[in-house]
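Novice: For reference, the structure I am asking about is given below.
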Amino acid sequence: MNLTAASPTATHAGTVRRPGAASSPRSRLVGGAFIAAPLLLLGGSVAFAAGSEAAGGVLQFYAFAGFALVVFTMTATLSSTFPRAAAALTVVGVLGMAAGVGFAVDNLHGALLDDAYLVDDGGIAGVLVANVPGLMGPLAFVGIGVALVRAGIGPRFSGAALVIAGLLFPVSRIGDISLLAIVDDTIFVLALAPWGWEILRGLAIAER
Numbered sequence: 008m009n010l011t012a013a014s015p016t017a018t019h020a021g022t023v024r025r026p027g028a029a030s031s032p033r034s035r036l037v038g039g040a041f042i043a044a045p046l047l048l049l050g051g052s053v054a055f056a057a058g059s060e061a062a063g064g065v066l067q068f069y070a071f072a073g074f075a076l077v078v079f080t081m082t083a084t085l086s087s088t089f090p091r092a093a094a095a096l097t098v099v100g101v102l103g104m105a106a107g108v109g110f111a112v113d114n115l116h117g118a119l120l121d122d123a124y125l126v127d128d129g130g131i132a133g134v135l136v137a138n139v140p141g142l143m144g145p146l147a148f149v150g151i152g153v154a155l156v157r158a159g160i161g162p163r164f165s166g167a168a169l170v171i172a173g174l175l176f177p178v179s180r181i182g183d184i185s186l187l188a189i190v191d192d193t194i195f196v197l198a199l200a201p202w203g204w205e206i207l208r209g210l211a212i213a214e215r
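Note that the sequence shown ends on residue 215 in the numbering used here; no numbers are left out.
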């Protein structure tokens with residue numbers, strides 16, 4: 008199973024080289040998203056910790072937009088090995104990323120307009136569009152990480168790191184623990200950046 012769809016020309020160390028993959032605009036976009044999304048999330052957490060809620064909200068908005076590409080790519084990679092799980096994780100992940108974008112807008116709204124936060128005062132609507140789907144994003148990454156480990160796909164540590172990052176995410180955010188959020192986002196960077204680098208180099212990660 009591979010990340011890209013061209014025919015392989017050489018294999019080594021668990022990877023398959025795809026001719027032209029690095030020159031594909033879509034490949035560059037996806038590879039960049041694997042690196043930029045967790046870095047933007049980390050930057051947002053640093054901004055929140057420094058008291059700049061508006062800057063944190065902006066960075067978080069673009070981070071979760073990038074994570075949507077990550078979720079689609081990773082579940083597509085898993086689709087032939089775990090087809091039902093990949094479909095379920097796609098739905099759960101997309102809802103979770105949409106909630107992340109919503110939380111970013113909510114943070115901006117509260118910070119710039121000095122108004123109530125939907126997640127705190129939105130009643131049942133806030134629960135349905137923020138609280139519940141907000142837990143789906145980390146759940147999706149836990150599920151993707153477990154599937155990667157079971158299938159032996161990608162860098163050996165990435166799957167386990169995604170599981171840890173997914174579990175720490177709600178703890179750090181719900182508990183409003185800034186340092187833990189920064190640690191959690193750093194784990195996301197370590198888990199996803201190697202995938203992005205392989206895609207940008209034109210290497211598709213294959214099963215071992």
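Glycine included, each C-beta is placed from N, C-alpha and C at the ideal position.
1. Are there 16 or more other CB atoms within 10 angstroms of the CB of Gly192, so buried, or fewer, so exposed?
2. Would you say Gly63 and Gly73 are within 8 Å of each other, going by their C-beta atoms?
3. Within 10 angstroms of its Cβ, does Asp183 collect 16 or more other Cβ (buried), or is it exposed?
4. Would you mind sorting Ala198 into buried or exposed? The rule is 16 or more other CB atoms within 10 Å of its CB.
5. Between the beta-carbon of Ala154 and the beta-carbon of Phe89, is there less than 8 Å?
6. With Ile217 as the anchor, note down where its alpha helix (DSSP H) starts and where it stops.
7. Taking the Cβ atom as the reference point for each residue, do Gly100 and Val134 lie within a distance shorter than 8 Å?
8. Contact check, Gly144 vs Ala106 under 8 Å by CB: the rounded distance?
9. For Glu60, which residues in the same chain have their Cβ closer than 6 Å to its Cβ, ignoring the five residues on either side in sequence?
10. Could you compute how far the alpha carbon of Arg35 sits from the alpha carbon of Ala75?
11. With distances taken from CA atoms, which of Arg208, Ile206, Ala93, Ala188 is nearest Leu46?
12. Quick test of your reading: Gly130 and Phe110, contact by CB under 8 Å. State the CB separation rounded to the nearest angstrom.
13. Note down the Cα distance separating Ser185 from Thr80, rounded to an integer number of angstroms.
14. Just the C-alpha distance for Ala167 and Val108, rounded to the nearest angstrom, thanks.
Specialist: Short version:
1. Residue 192 sits at position 185 when you count from the first residue of the sequence shown. Checking the sequence, you will find Asp at residue 192 rather than Gly. By the C-beta density criterion, Asp192 is buried, having at least 16 other C-beta atoms within 10 angstroms.
2. On the sequence shown, residue 63 is found 56 positions in, with the first residue counted as 1. On the sequence shown, residue 73 is found 66 positions in, with the first residue counted as 1. Result no, Cβ atoms of Gly63 and Gly73 do not sit closer than 8 Å.
3. In the sequence shown, the residue the question calls residue 183 occupies position 176. Counting every other CB atom within 10 Å of its CB across the protein chains shown gives Asp183 a total below 16, marking it as exposed.
4. Here residue 198 is taken as the residue at index 191 of the sequence shown, counted from 1. Per the 10 Å Cβ criterion, buried.
5. Locating residue 154 in the sequence shown gives position 147, counting from the first residue. Locating residue 89 in the sequence shown gives position 82, counting from the first residue. In contact: Ala154 and Phe89 (Cβ atoms closer than 8 Å).
6. Limits of the chain in this structure are 8 at one end and 215 at the other, which puts residue 217 out of reach.
7. As a working mapping, residue 100 is identified with position 93 in the sequence shown. As a working mapping, residue 134 is identified with position 127 in the sequence shown. Taking 8 Å as the cut-off, the Cβ atoms of Gly100 and Val134 do not count as close.
8. In the sequence shown, counting from the first residue as 1, residue 144 sits at position 137. In the sequence shown, counting from the first residue as 1, residue 106 sits at position 99. Indeed they touch by this definition, with Cβ atoms about 6 Å apart.
9. Taking the first residue of the sequence shown as position 1, residue 60 is located at position 53. For Glu60, where only same-chain residues beyond five positions count, the Cβ hits under 6 Å are Asn114, Ala118.
10. Residue mapping note: residue 35 aligns to position 28 of the sequence shown, counting from 1. Residue mapping note: residue 75 aligns to position 68 of the sequence shown, counting from 1. C-alpha separation (whole angstroms): 15 Å.
11. Locating residue 46 in the sequence shown gives position 39, counting from the first residue. It is Ala188 whose Cα lies nearest to the Cα of Leu46.
12. As a first step, residue 130 is located in the sequence shown; it is residue number 123 there, counting from the start. As a first step, residue 110 is located in the sequence shown; it is residue number 103 there, counting from the start. Not quite, the Cβ-Cβ distance comes to about 17 Å (not below 8 Å), so this is no contact.
13. Reading the sequence shown from its first residue, position 178 is the one you call residue 185. Reading the sequence shown from its first residue, position 73 is the one you call residue 80. Going by the C-alpha atoms only, they are around 29 Å apart.
14. The count along the sequence shown starts at 1 and reaches residue 167 at position 160. The count along the sequence shown starts at 1 and reaches residue 108 at position 101. Each residue's Cα considered, the two are about 25 Å apart.
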